[in-house]
Ligand code: NCD
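Numbering (my numbering), first residue to last: 351 to 657.
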């Protein structure tokens, strides 16, 4: 690890703009075939919530950098015996783990842990409750950057369950920072946030309003796991009002691209033919995710943008 202060990736707002740019450049270069660094480091994946792409993506990224990767099976770990997360982290650090990738259902849990862990142990926030998901926002931006579109030309709408989405919070912070041309957020009233900074974001109340002239739209899953069951919308009705279909996309800019962090719920927030169609960037996001996480791990190790 670097001898400078230990780096963590907790949220987008705590990254300076040079670091953001460096991460985007590096992920783009790695995707284009640049040789990865070799990092003599150990990373532990600690996921207290289900995950397919984020966990596998961090694991593959670490492997491609030659790192040792430990996946902690939570149902077999000492957390089932009452060990606190802080003690688990200190235990892993004592065994030589350099970095923990943490996903946790509690909003703010990663920030709290960062104030408790021993120096030299880096934390990477892979999603904390409704809080933040910085690596997702960075990979989304890197996917768009790879299209060659300038930030000022980007007219992006984020649509769906914004209120419960850490992807939306981190994405809004990042795209605002990048100075994109137009940034809209839209969803049903009970899925609009009451605790997110929406300065510089146009709030729309219908899907059509959000889609008009947009050249990129990011659809979000309904985060039922963060809602009271009584608040669960009817999927069919939701699809009629808020589901992205080819027909609804007619009012968007020609060639409007479609993003989704996954997992997708076909026929709910997005029609299957849109998800699988030529506008869809969904699998490109997944592919870029590995390169962005490689760039992040290199940055944690002090390999680029020494700030
Ligand atoms: C997102 C998450 O976990 O916040 N998924 C992901 O990391 N790709 C979005 C979601 O679960 O809907």
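A virtual CB, placed ideally from N, CA and C, is assigned to each residue, including glycine.
Distance cut-off 8 angstroms: residue i Cβ against heavy atoms of the ligand NCD
i	result
residue 493	no
residue 593	no
residue 627	no
residue 517	yes
residue 555	no
residue 386	no
residue 404	yes
residue 523	no
residue 474	no
residue 454	no
residue 583	no
residue 561	no
residue 513	no
residue 543	no
residue 414	no
residue 399	yes
residue 484	no
residue 548	no
residue 389	no
residue 631	no
residue 488	no
residue 612	yes
Which of helix, strand or coil DSSP assigns to residue i
i	result
residue 520	helix
residue 566	strand
residue 637	helix
residue 415	coil
residue 594	strand
residue 355	coil
residue 577	coil
residue 559	helix
residue 541	helix
residue 425	helix
residue 648	helix
residue 389	coil
residue 433	coil
Bridge-paired residues (DSSP) for residue i
i	result
residue 394	420 and 450
residue 552	534
residue 630	608
residue 362	For residue 362, which the question treats as bridged, DSSP gives no partner whatsoever.
residue 616	620
CA-to-CA distance, residue j to residue i, given in whole angstroms
i	j	result
residue 548	residue 482	15 angstroms
residue 529	residue 396	34 angstroms
residue 450	residue 474	6 angstroms
residue 522	residue 512	10 angstroms
residue 502	residue 533	11 angstroms
residue 472	residue 357	6 angstroms
residue 526	residue 495	15 angstroms
residue 455	residue 575	9 angstroms
residue 639	residue 625	18 angstroms
residue 369	residue 586	42 angstroms
residue 603	residue 582	32 angstroms
residue 453	residue 366	23 angstroms
residue 544	residue 459	20 angstroms
residue 648	residue 480	27 angstroms
residue 599	residue 447	47 angstroms
residue 364	residue 644	19 angstroms
residue 551	residue 514	17 angstroms
residue 404	residue 429	21 angstroms
residue 497	residue 462	37 angstroms
residue 415	residue 464	24 angstroms
residue 518	residue 491	12 angstroms
Near the ligand SAH: residue i beta-carbon under 8 angstroms from a heavy atom
i	result
residue 457	Among the ligands modelled here, namely the ligand NCD, the ligand SAH does not occur.
Minimum Cβ-Cβ distance from residue i to chain C less than 9 angstroms
i	result
residue 643	In the structure shown, chain C does not exist; there is a single protein chain.
Worksheet entry | Uninterrupted beta strand (DSSP E) stretches inside the region 455–533 (no shorter than 3 residues) | 472–478 and 505–509
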